[in-house]
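K.L.:
Chains as they are written, first to last, in the numbering used here: chain A, 150 to 429; chain B, 150 to 429.
Beta carbons are placed, not taken as given, at the ideal position from N, Cα and C, and that holds for glycine.
The structure displayed is predicted, hence computed values, not measured ones.
2 protein chains.
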Amino acid sequence: MALETVSRARCFGGTQLTYRYASIETGTLMRFAAFIPPQAEHRTVPVVWFLSGLTCTEENFTVKAGAQRVAAELGLMLIVPDTSPRGEGVPDDPDGAYDFGLGAGFYLDATIAPWARNYRMRSYIETELPALVAESLPADLSRQGIMGHSMGGHGAITIALRNPGRFAAVSAFAPICSPIRCPWGQKALLGYLGPDRAAWRTYDSCALIDDGARLPSLLVDQGTADNFLQEQLRPELLEEACRNAGIPLTLRRQEGYDHSYFFIATFIADHLRHHAAALS
Amino acid sequence: MALETVSRARCFGGTQLTYRYASIETGTLMRFAAFIPPQAEHRTVPVVWFLSGLTCTEENFTVKAGAQRVAAELGLMLIVPDTSPRGEGVPDDPDGAYDFGLGAGFYLDATIAPWARNYRMRSYIETELPALVAESLPADLSRQGIMGHSMGGHGAITIALRNPGRFAAVSAFAPICSPIRCPWGQKALLGYLGPDRAAWRTYDSCALIDDGARLPSLLVDQGTADNFLQEQLRPELLEEACRNAGIPLTLRRQEGYDHSYFFIATFIADHLRHHAAALS
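1. Since B:Thr164 and B:Arg180 are thought to touch, with beta carbons under 8 Å apart, how far apart are those beta carbons, to the nearest angstrom?
2. Out of B:Ala183, B:Ala216, B:Asp231, point me to the one whose CA is closest to B:Cys205's CA.
3. Output needed in chain order: residues of the stretch 198-223 of chain B with a Cβ under 8 Å from some Cβ in chain A.
4. Along chain A, in chain order, which residues have C-beta atoms closer than 8 Å to that of B:Gln165?
5. Quick check on B:Pro243: does DSSP put it in helix, strand or coil?
6. Rounded to the nearest angstrom, what separates A:Pro384 and A:Cys391 at their Cα positions?
7. Can you give me the C-alpha to C-alpha distance between B:Asp370 and B:Cys331, rounded to a whole angstrom?
8. I need the DSSP call for A:Gly301, collapsed to helix, strand or coil.
9. Select from B:Gly176, B:Ala158, B:Ala151, B:Asn376 the residue whose C-alpha is nearest the C-alpha of A:Asp375.
10. Would A:Ala418 pass as a contact of A:Val219 if the rule is Cβ separation under 9 Å?
11. Please return the same chain residues whose Cβ sits closer than 6 Å to the Cβ of A:Gly343, not counting the five positions on each side in sequence.
12. With burial defined as no fewer than 16 other Cβ atoms inside 10 Å of the residue's Cβ, what is the status of A:Asp407: buried or exposed?
13. Run the CB neighbour count on B:Arg402, radius 10 Å, all protein chains shown included, and call it buried at 16 or more, exposed below.
14. Which of helix, strand or coil does DSSP assign to B:Trp349?
15. Could you pull out every residue in the same chain whose Cβ sits closer than 6 Å to the Cβ of B:Phe161, ignoring the five residues on either side in sequence?
16. Quick one: does A:Gln188 have its CB under 9 Å from some CB of chain B?
17. According to DSSP, simplified to helix, strand and coil, what is B:Cys160?
18. To test your reading of the DSSP string, which unbroken beta strand (DSSP E) runs of 3 or more residues are found completely within the stretch 176-246 of chain A?
19. Hey, how far is the Cα of B:Gln293 from the Cα of B:Leu421?
20. Using only the alpha-carbon positions, how far apart do B:Met296 and B:Ala182 sit?
21. What residues from chain A crowd round B:Asp406, counting only those whose CB sits closer than 7 Å?
22. Helix, strand or coil: which one does DSSP assign to A:Ala253?
23. Can you round the beta-carbon distance between B:Leu310 and B:Leu357 to whole angstroms, since I take them to be within the 8 Å contact cut?
24. Is there a Cβ from chain B that is less than 9 Å from the Cβ of A:Ala337?
25. To which residues does DSSP link B:Pro367 through a beta bridge?
26. Which same chain residues, not among the five before or five after A:Leu428, have their C-beta less than 7 Å away from its C-beta?
27. Comparing the C-beta of B:Ala317 with each C-beta of chain A, is any distance below 9 Å?
28. Residues in its own chain within less than 7 Å of B:Arg235 by CB, not counting five upstream and five downstream?
29. Tell me which same chain residues have a C-beta within less than 7 Å of the C-beta of A:Asp242, skipping the five on either side of it?
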């Protein structure tokens, strides 16, 4: 798999890159962003993954979160994937809805036609992309953390739950806490996986925890002025699942913050320091 | 003049707003962004203006520069105007070029038809918008700084030179240093002002300095990997003008940085601290 450099810019003494390559999993050209901190000139560095939310590409977090400043200080590589396959022939929501199809891969492997061919974001993020990063970049994959926002918070937590021991730290901003119990999630799971709800549980943080998966700890920030809080995100369900399972959850309700990148930018430094502490 | 709030988000303990109002100068609905730091809950705060470059609106700096973190810490209000009038009936470059018309107001008052009616960004920024900010926001306009990027660096420096004593600090990222001597500037000045080059000098930092205008000091960052450095930006001309006039110029050539917001984000904290020191 040959990486093509789409863009490259100096940033906080490190390098911000966008790469593109032909993914076998999705059958498309996939882009991802990588921030290489200055410390990587001399050694491999730990990796923190950031999974983005609905409608985003690899660009939103990269240009809006202000994460590079702290990643450069802490010596963390940031890997930011796109949120779905894209390109000619990739099916999209028939009504052009923002919450299904392009920009809405939900970090799962679809099993229903016509989605199953390209919508393989789970295997892409869990298997293919880590191998590519290990092979191509100065990354120490024995030290990884994962975080995400909204749909990407769901992605980060479920991927960590399904891969015990892989991530030293897991955190999320305003995650979708239980896709099987919210409209965004139900639409996606039904569309990509079909009506058998047993198959949905492997893509639901709370169900995975109820079924025995564990994390050493979990940090979540949630704005109290987030429009999606009550209907879609439902952090109280994650609180309950973690409490029942004895998973130490730090859930910070941030007064007055909404669902935007202004919220993420405000607290990204806390999250990166949390990850760095676990990775050092 | 009634301000309409277009958007509002909590950010670093302060508030990031986008406003819209009917400008008399431009004859259009003008948007601008304002970051109100937490200190403004209890008192008026100093104001730093940021003028953006070609193709930008008020949004680019607001979402990409990461300025709110430091502005919140230092108690600075940030005011970020749009770069041109916009809307139905506002003329644009006949070829749709990015460097003239919409997004390319060059911070001047046009005198040539059809531009003269709406393209009044000089009067808008120098006179109308400050009055609106003073009347509507918790701003202390006895303490102001101004900065900008590229075309906005040109705007910041020329506005400061034409308004001696108004700004305690002036700085720029990769400014267009002498519009009368670069293709971007020549196209804009000819198009908006006509062929009489004497009229151009009031919109040229170097010419204003040569003609006697002064600044107490000037901070400029310029990336050495900036694609526009040699043909359009020409910092050596500003260096020469400042040297001849005895204006203390700190010109930092930043190795490997380009013209992007990754460059601005890397050094915005330095600039804001420079402004805060002068404003305190």
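P.N.:
On the basis of the coordinates in this document:
1. Not a contact, Cβ separation roughly 16 Å.
2. B:Asp231
3. Val212, Lys213, Gly215, Gln217, Arg218
4. Phe411
5. Residue state, collapsed to three classes: coil.
6. Approximately 11 Å between the Cα atoms of the pair.
7. 19 Å
8. If DSSP states are grouped into helix, strand and coil, A:Gly301 belongs with the helices.
9. B:Ala158
10. Cβ atoms of A:Ala418 and A:Val219: closer than 9 Å.
11. Ile261
12. buried
13. exposed
14. helix
15. Gln217, Arg218, Ala221
16. no
17. strand
18. 178-185, 194-200, 226-230
19. 12 Å
20. Cα to Cα, the separation comes out at about 15 Å.
21. First, the amino acid is wrong: residue 406 of chain B is Tyr here, not Asp. In chain order: Arg159.
22. strand
23. Approximately 4 Å separates the beta-carbon atoms of B:Leu310 and B:Leu357; this is inside 8 Å, confirming the contact.
24. no
25. The amino acid at residue 367 of chain B is misidentified as Pro; the sequence shows Leu. BP columns for B:Leu367 point to B:Leu398.
26. Answer for A:Leu428: Pro195, Arg292, Gly294, Ala317, Ala318, listed in chain order.
27. no
28. For B:Arg235, the CB contacts under 7 Å within the same chain, skipping 5 residues up- and downstream, are Thr177, Leu251 in chain order.
29. Phe249, Gly250
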